[in-house]
Each structure stands twice: as structure tokens, then as C-alpha cells.
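All letters in the sequence shown, in the order written, are residues 1 to 403 by full-length UniProt numbering. I have placed the structure first, in the form of C-alpha cells, so that the comments after it can refer back to it.
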Amino acid sequence: MRSFARILLVIVIIASNLFLGGNTVDSQQVISRSSFSLEENSIPTDDSFSPAKSIYISPVSIESARFISDEKWYEGIYYYQAFRLNQGDFLYHYVVTRNGLIYQGNLKGEDHRFLFEDESEKPIVIAYLTPEGESDFSVEALERIKDLASTIANRNSVDPSLIEARDVQFVAKQGEAIKLRSRKLTGRWERSVTAISDFVKDNYNPVPKQISFAVDSVSLPSEAVNYGDNVLMNITIRNTGQDIYYQGQEADPIISKVSSEPSKFFLNQIWLSQTQAAIGLDNAIIRPGETGTYQVRIGVPLFFGEIVETFELADSLGRTYPDSRFDLKLQVNRPDREVVEITQTETGQLNVRENPNGSAPISGRVTPGQRFFVIERTTNGWIKLDLGDNKTGWVVASYTRVV
1 MRSFARILLV IVIIASNLFL GGNTVDSQQV ISRSSFSLEE NSIPTDDSFS PAKSIYISPV
61 SIESARFISD EKWYEGIYYY QAFRLNQGDF LYHYVVTRNG LIYQGNLKGE DHRFLFEDES
121 EKPIVIAYLT PEGESDFSVE ALERIKDLAS TIANRNSVDP SLIEARDVQF VAKQGEAIKL
181 RSRKLTGRWE RSVTAISDFV KDNYNPVPKQ ISFAVDSVSL PSEAVNYGDN VLMNITIRNT
241 GQDIYYQGQE ADPIISKVSS EPSKFFLNQI WLSQTQAAIG LDNAIIRPGE TGTYQVRIGV
301 PLFFGEIVET FELADSLGRT YPDSRFDLKL QVNRPDREVV EITQTETGQL NVRENPNGSA
361 PISGRVTPGQ RFFVIERTTN GWIKLDLGDN KTGWVVASYT RVV
């Protein structure tokens, strides 16, 4: 009961300072939440994840006359924020004490964003526990915060100039979610954080994100489809890397045909190339170990029966993701019209003419392997083809075969 009373005392003290209207560094540095017997609050929360833009170092004060151990202070902050404010967890990513101990904060990690009044603020928040009236960091804490901020900035590619001393308050308004409000601190706090920023700048070497993907499943129509049908492939991909994936970076996955010849499923003006297609990621965020299901538009080729091609995932620069191969398979009905395929030519292409004679203007070219519907044949060896997109043209019949 005495221990519980102390926690309540901390809650009251912290509350008087409020304005009401998977964290990982080196395991040797951060004291895990598992070191404390903290009761979990399973309240559902609207979690938001995005890359951090800055680092806030926020002094949290307590009356010196009522000072208790850092451990109880840490516990009190947790119970106030998790239960009293009903946030389910810390509203800090890390908590640092005057003697340089670093405690783990919010369990959802550095990519977890707290709700600020100014929605452009997306910081990693480090709380610094200090007696009331102090105006600077202790020597021990300053050195540990330098190391911590450097690790965080390198891991998250945070610009060292965006490390700031900020007073962070919690704003409660009737019928609204708790929001955070911050203001920049000046004086000794600002001077010391400038020293922290300079240290981080001197040791700045951002670590590339470890993003990788595997394909969990691919879903296509099980029944036979017809040439010209609009087909969507559902693809479920898993983040097998160590970091959260956000759409809009080099890691953006696409599907890429394993062999180099053009894909039969190519869709003109939709696919990136004849062998690659974009995945409709729709502002995707995929945490490590989690999956997302997205869509790819597939063309139904003028081929019949079972059509199978092997693809794999690649990033936006074309670098493939290991162990991500999958088969794209469709059953295609034979149409009731005559179809021909262009055969090999001496030049690797065949002229398409406006009229059925060798002196007619050339309107385009087709290549071996392409297939087309036959519109008309002449007695002197010419075939009129449906080229798609409301275009037609004549080719020499001897360079085609009926399929």
C-alpha cells in the first residue's frame, strides 16, 4: 500500500504540471519495461506510424521536497499516461534520469507517432526527469543523451539540426482525444541541446533501412477468362525486413518477370514496362512481420488454355527481393474468331501497311510472337489485322501462322 501511495503521489504531482483544456537502442543502454511489473492497459488506441522528422528532449520536473526514486517516478508517469489519461502506454519514446539511466518508453517503437496539436510535428520524444527549478541537464545525463540522440538520429535519418529542447504538455478538451502541445525552450536547455545536436552532427552516419519482402499468396480468377477482360490480381506481401515500410521510397515493391522476354500479361499504358508492373500500394504501411494485400492490373493475352509466367518482387530501382518468386497463372478461353501469330522475319519485325500491296505506305510494325485477330484475307497473300485501339493494318500472310 505504501508503494501504491507513492505512485499516486507522483501522479498528482505530474498532473499539476499538465495543461488541461519498440524501442530499441543497444540493450546495454536501455532499461527494458520488463524490468518493472507494470500493469498493461489493453485499451484500443488509434495508432499512427510514420518516419520521425525530429527529436524532442523534454524536461519533466518534480518538486524537490517530494523527490522519490527514479524508478517510482517512472512508474508514476506510466500509470498517469496509460490509465489516467487513458492512452494505454507512455507518451514518451524514452525516459532519461539525472544519473544517466535510460528507460524504455512506448512499446510501439520510434515509428509510433503521438498526436500533436500541430500535425506537422512528428518527433521522437525523450523525457528528462529533473527536480523542479533545474535549468540544465546533469553531466551524466547530458553524455548519455548525446549517445542516445546520435543512435536515434542515425537509425531514423533525422537531421541533427532538428534536435530541440521542447516543453511538452498534454492538452485535454471535452470530447476530444488527448493531444500534445510543445514550445521551444531557451536558456541553458537550448545551449545544451545545441551541444547535443553538434555531437550528433559530428557522428552522423544514417543506417540504411532494412526492408525486404516475401509473397505470402497470389489470388487470380479460378474460372477461365476471355481476351480483353479486365483482371485484377490480389497479392499479399510480407515485410520480412527489420524496419517499417512506408510507401514512397526506393523500397516500393513492384512485380518483375523473371525472364527477359515480354510478358503475355503486359497492359499498355498501365504497366511500367513489358516485364514490370506497379502494385497498387495505396499509402501502404507494413510493419516487420506483418502483411498487406494489394492489387495489380493484369492483361488477358490472345493466348489460349493455361498461361503461366514466373515473377518476383523488385524495388523501384529494379533490384530484386530474394525468395519472392511466384507464378502468375490464368486460364484463357479460345475466342470464336481467327487468330494469327507473327512468325520470325529476316529483320526481327514485320511492316504493317495501309493497303494490301508492297508499295502502300507503312503505318507501323509488329514483331514475332505477337498475336492478332484476322479481319480479312486477300487472294494475293495479304491479311488485314485488328491491331487494337481501333487500329487496323495489312501484313504479308506468309509471315503469319494460324493458332
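Ideal Cβ placement from N, Cα and C applies to all residues, glycine included.
When DSSP builds the beta bridges, which residues end up paired with residue 214?
Bridge partners of residue 214: 238.
Relative to the alpha-carbon of residue 36, which residue among 57, 298, 62, 103 has its alpha-carbon at the smallest distance?
Per the Cα distances, 103.
Give the DSSP bridge partners of residue 166, in chain order.
Beta-bridge pairing links residue 166 to 184.
Leaving out the 5 sequence neighbours to the left and right, which residues in its chain are closer than 7 Å to residue 278 when beta-carbon positions are compared?
Only 254, 272 meet the Cβ criterion.
Cα separation between residue 283 and residue 82?
For residue 283 and residue 82, the distance between alpha carbons rounds to 29 Å.
Among 211, 374, 110, whose alpha-carbon lies nearest the alpha-carbon of residue 249?
Of the listed residues, the one whose Cα sits closest to residue 249 is 211.
According to DSSP, residue 350 sits in a beta bridge with which residue or residues?
Residue 350 is bridged to 366.
Nearest by alpha-carbon distance to residue 229: which of 331, 116, 120 is it?
Ranking the options by Cα distance to residue 229, first place goes to 331.
Determine the burial state of residue 30: buried for a count of at least 16 other Cβ atoms within 10 Å of its Cβ, exposed for fewer.
Residue 30 comes out buried.
Just reading off the beta strand (DSSP E) that residue 33 is part of, what are its end residues?
Looking at the DSSP string, residue 33 is not in any beta strand (DSSP E), and its letter there is neither H nor E.
When the Cβ atoms of the stretch 287 to 296 are set against those of the stretch 227 to 242, are three or more pairs found closer than 8 Å?
Cβ pair count under 8 Å is three or more, so yes.
Between the C-alpha atoms of residue 111 and residue 311, what's the straight-line distance to the nearest angstrom?
About 32 Å.
Would you kindly work out how many angstroms separate the C-alpha atoms of residue 200 and residue 186, rounded to a whole number?
Their Cα atoms are separated by approximately 20 Å.
Among 71, 227, 246, which one has its Cα closest to the Cα of residue 267?
With distances taken between Cα atoms, residue 267 lies closest to 227.
Of the choices 383, 45, 76, whose alpha-carbon is the least far from that of residue 108?
That would be 45, whose Cα lies nearest to the Cα of residue 108.
Can you check which of these residues, 370, 347, 392, is closest to residue 376 by C-alpha distance?
With distances taken between Cα atoms, residue 376 lies closest to 392.
Within 10 angstroms of the Cβ of residue 21, are there 16 or more other Cβ atoms? Answer buried if so, exposed if not.
Residue placement at residue 21 is poorly supported in this model, since its pLDDT is 42, which falls under 50; the coordinates are not used for a value here.
State the DSSP-derived secondary structure class of residue 198, mapped to helix, strand or coil.
Of the three classes helix, strand and coil, the one that applies to residue 198 here is helix, per DSSP.
Quick test of your reading: residue 244 and residue 218, contact by CB under 8 Å. State the CB separation rounded to the nearest angstrom.
Incorrect: roughly 24 Å between the Cβ atoms, too far for contact.
Spatial neighbours of residue 162 within its chain, please: CB distance less than 6 Å, with the 5 preceding and 5 following residues excluded, ordered by chain position.
Around residue 162: 54.
With distances taken from CA atoms, which of 57, 79, 116, 74 is nearest residue 48?
Per the Cα distances, 116.
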